[in-house]
Amino acid sequence: MRENATPTAWLTVYCASRLGKHEAYAEATRRLATLMLERNIGLVYGGSRIGLMGLIADTLIEGGGSVHGIMPTHLLNAEVNHPGLTTFEEVADMTERKRRMLALGDACLALPGGLGTLEELFEVWSWRQLDLHRKPIGLLNTAGYYDGLIGFMQHTVDVGLTRSEAAAHCLNAVEPEQLLPQLLPQCF
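Each residue of the sequence shown is one higher than the one before, counting from 214 in my numbering.
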């Protein structure tokens with residue numbers, strides 16, 4: 214990506230403010246960022262400089278990519294906002310953060326993460342089911358991280374509590390090279 218080039222698309226990424234115990238999470242995050250740079254895809258994310266959030270931002274910034282961070286006021290000290298972003302938004306609360314992240318991205322992708330990542334994922338997934346947006350959603354199932362969730366969602370379909378079409382709104386793949394072209398085909 215040329216430094217300061219206008220991105221051809223924006224990817225909203227939900228991920229942890231921790232690195233986790235498996236190097237595979239960091240490696241997949243770096244590979245995703247590198248692929249985004251190659252395809253001129255900008256990042257919309259939670260604005261932190263730590264954990265997987267910091268890693269994806271750092272990789273894109275070092276490569277000359279565009280990074281838009283969004284953080285609510287109450288997290289500015291706790292999450293340590295990233296100082297080197299292309300743009301940074303301070304918003305009033307988590308609800309506004311999630312709405313802005315969804316509004317700015319052309320697709321949404323969840324990397325491995327904890328409760329916050331899962332909450333963000335389920336909100337955009339349920340909003341898709343409710344037809345509040347039509348943006349692609351994906352899970353990067355690095356090292357089988359989301360195997361349990363994928364199985365559980367199939368269980369909700371099997372017992373008749375989720376429509377199969379709604380469950381299918383969230384794509385998943387093990388490798389970023391498999392998933393990103395499905396989420397943003399216009400960039401490939």
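Built from N, CA and C at the ideal position, the CB exists for glycine as well.
Within the same chain, Cβ atoms closer than 6 Å to the Cβ of P349 are found at A320 and L396, the five residues on either side in sequence being excluded. Under the three-state reduction of DSSP, G233 is assigned to coil, being neither helix nor strand. Per the DSSP secondary-structure output, F301 pairs in a beta bridge with G282. By the 16-neighbour rule on beta-carbons within 10 angstroms, P220 is buried. Assigned with DSSP and collapsed to three states, C228 falls in coil, not helix or strand.
Pairing M284 with V257 gives a Cβ-Cβ distance that is not under 9 Å. The Cβ atoms of Y238 and T369 do not sit closer than 9 Å to each other.
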